[in-house]
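Enquirer: Dropping the structure in here first, questions after.
Numbering (the numbering used here), first residue to last: 1031 to 1094.
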């Protein structure tokens, strides 16, 4: 089977990072949140806001 060096490198780095935090998901999540907060980049929420896409007037038209 073909083995990609880049994918293997990503797996190795991910395993090293996970093992440095004893494979504790809560610790990994907390560390990633800390890195995000210290990164200084703006976090943009792209989720839709309720009601903005709605154009329904609430009136039902009867079809004859």
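Ideal placement from N, C-alpha and C gives every residue a C-beta, glycine not left out. Note that the structure is predicted; figures quoted are calculated from it, not measured.
Using the C-alpha atoms, what's the distance from residue 1067 back to residue 1054?
Expert: Looking at the two C-alpha atoms, the distance is approximately 20 Å.
Enquirer: Pick from 1034, 1038, 1037 and 1047: whose alpha carbon is nearest that of residue 1062?
Expert: 1047
Enquirer: Between the alpha carbons of residue 1070 and residue 1059, how many angstroms are there, rounded?
Expert: 18 Å
Enquirer: Could you have a look at residue 1039 and say whether DSSP puts it in helix, strand or coil?
Expert: Assignment of residue 1039 by DSSP, reduced to helix, strand and coil, places it in the helix class.
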